[in-house]
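J.: Could you have a look at this structure, given as structure tokens, before my questions?
Number of protein chains: 2
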Amino acid sequence: MKLSVRGEYALRALIVLGLDYIEDDSVVRIQEISTRQNIPKRFLEQILNDLKSAGLLESKRGIAGGYRLKRPPEKISLAEVIRHIEGPLAPVSCVSERFYEKCSCPNEDKCAIRSVMKEVRDAIVRILEDVTVAQLCERVKTLQGPQTNPLDYII
Amino acid sequence: MKLSVRGEYALRALIVLGLDYIEDDSVVRIQEISTRQNIPKRFLEQILNDLKSAGLLESKRGIAGGYRLKRPPEKISLAEVIRHIEGPLAPVSCVSERFYEKCSCPNEDKCAIRSVMKEVRDAIVRILEDVTVAQLCERVKTLQGPQTNPLDYII
DNA sequence: TATAATCCCGACTGAAAGCATCAAGAATAA
DNA sequence: TTATTCTTGATGCTTTCAGTCGGGATTATA
């Protein structure tokens, strides 16, 4: 598993939306996420749309528009996010559960490399399946302390 | 961490050389590894050369030439191999120990994403640092049973 | 010493992925 | 009606990946 810039941006955006998540229908504008997290706006558009079609976000158009989480942040695991943005978590797709692809070795069940990679996959999944967006937001708060706006991107 | 075809080939080649490893100076030709593992010969050349300059292999030129492990297979971890072929094991290089690169976030120590990725990195490294080429060869033997030539590539 | 087999080295290529940017359209609050 | 926002699809640039190629250096053997 390798996290691309795209995936990192997705997580950063979800942190903003997670911290902002309230039970009513408040939304956050792309523009705001973009400036707060220093993400190219046009690129972020793509990514948020992607997360939306993955069922993670919902949006509202027009002048009071923006994005919000479709589910509470405790119900979104990093595994789910990354799978949608990056594809398989496994180091090789012949050990991936949902992105399985046959590899070139003659007998997968007897492939030694595969057996090691399966262990690696399981270790990765165990962590990412466990950590939710809500927990990620918690980490942000404890790590960054009680600042005015813990998210502001500072260069 | 994502294992490319190149990395997979490297491991497969090392399995051949590991199984073949004897204390005298017997060597295995590229050609043989290529046909036994069904790896494009010209491509394999590159890879073996790469492993050589990484200090993992040594070679002999000329008509009785070939490659062999420079160290006993128990002393070569998969982590070392993959790091040389693929680069960082970590999912993002700002949590990599030997391929560290600063990322774009303002304060790395307080980055929540980073803290999760560090856990992922540690889990990956823990496994790959532990498994050696010798153990990989063992797995081949136990998985594939006592065949005449457990390595032959069969389509 | 000639030769054939082997490793050695760097350049090259075509396809795909990654990181965006852009233009124009659709919805909506004020 | 208008300004602001999301929506969609196309496009462009750069880097990586997988693999090929030509020609050179080395060496066992006859």
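Read top to bottom, the protein sequences are chains A and B.
Just so you know, we're using the numbering used here here: the first sequence kicks off at 1 and counts up by one.
Just so you know, we're using the numbering used here here: the second sequence kicks off at 1001 and counts up by one.
Just so it is clear, CB atoms sit at the ideal spot from N, CA and C, and this is done for glycine as well.
The model shown is predicted, which means the values in this text are computed figures rather than measured ones.
Taking 8 Å as the CB-CB limit, is B/VAL1195 close to chain A?
T.: With chain B covering only 1001 through 1155, there is no way to say anything about residue 1195 of chain B.
J.: Report buried or exposed for B/ALA1079, applying the criterion of at least 16 other Cβ atoms within 10 angstroms of its Cβ.
T.: buried
J.: Using the three-state DSSP reduction, which class does B/LYS1070 fall into: helix, strand or coil?
T.: coil
J.: Output the distance between the C-alpha atoms of A/LEU3 and B/ALA1090, rounded to the nearest integer angstrom.
T.: Near 9 Å, if we compare the C-alpha coordinates of B/ALA1090 and A/LEU3.
J.: With 8 Å set as the bound, which would you pick, yes or no: does the beta-carbon of B/ARG1012 sit closer than that to a beta-carbon of chain A?
T.: yes
J.: Can you tell me the Cα-Cα spacing of B/ARG1114 and A/ILE76, whole angstroms?
T.: Looking at the backbone, the Cα of B/ARG1114 and that of A/ILE76 are separated by about 18 Å.
J.: Looking at the structure shown, is A/LYS102 part of a helix, part of a strand, or coil, going by DSSP?
T.: Here A/LYS102 carries a coil assignment [DSSP, helix/strand/coil].
J.: By Cβ distance below 6 Å, which residues in the same chain neighbour A/LYS118 in space, the five residues on each side in sequence not counted?
T.: Around A/LYS118: VAL95.
J.: Given a cut-off of 8 Å, decide if B/LEU1017 and B/VAL1028 are closer than it, judged by their beta-carbon atoms.
T.: Yes, the pair counts as a contact, with Cβ atoms nearer than the cut-off.
J.: Please tell me whether A/LEU78 has its Cβ less than 8 Å away from any Cβ of chain B.
T.: yes
J.: Measure the C-alpha to C-alpha separation of B/GLU1101 and A/ARG121 and round it to an integer number of angstroms.
T.: 24 Å
J.: When you compare only the Cα positions, how much space is there between B/LYS1060 and B/PRO1072?
T.: 17 Å
J.: If contacts are defined as beta-carbon pairs under 8 Å, then A/ALA134 and A/VAL81 qualify, I think. What distance do you get, rounded to the angstrom?
T.: Not quite, the Cβ-Cβ distance comes to about 13 Å (not below 8 Å), so this is no contact.
J.: Based on DSSP bridge pairs, tell me the residues matched to B/THR1132.
T.: B/SER1077
J.: Mind checking which residues open and close the alpha helix (DSSP H) that includes B/LYS1110?
T.: Where B/LYS1110 is concerned, there is no enclosing alpha helix (DSSP H), given that its DSSP letter is neither H nor E.
J.: In terms of DSSP beta bridges, what is A/SER59 paired with?
T.: A/TYR67
J.: Between the alpha carbons of A/CYS103 and B/GLY1065, how many angstroms are there, rounded?
T.: Spanning the two alpha carbons is a distance of roughly 31 Å.
J.: Between B/ASP1050 and B/ILE1085, which are expected to be in contact by the criterion C-beta below 8 Å, what is the C-beta distance as a whole number of angstroms?
T.: 7 Å
J.: So, at 7 Å on beta carbons, what are the nonlocal neighbours of A/PHE160 in its own chain, with the 5 sequence-adjacent residues on each side left out?
T.: Any property of residue 160 of chain A remains undetermined from this structure, which presents chain A solely from 1 to 155.
J.: Taking beta-carbon pairs under 8 Å, can you tell me which members of the segment 116 to 135 of chain A lie near chain B?
T.: VAL116, MET117, GLU119, VAL120, ALA123, ILE124, ARG126, ILE127, LEU128, VAL131
J.: For B/GLU1074, decide whether its Cβ has a neighbour in chain A, counting only Cβ atoms nearer than 8 Å.
T.: no
J.: Given a cut-off of 8 Å on the beta-carbon distance, is the pair B/LEU1136 and B/ILE1015 in contact?
T.: yes
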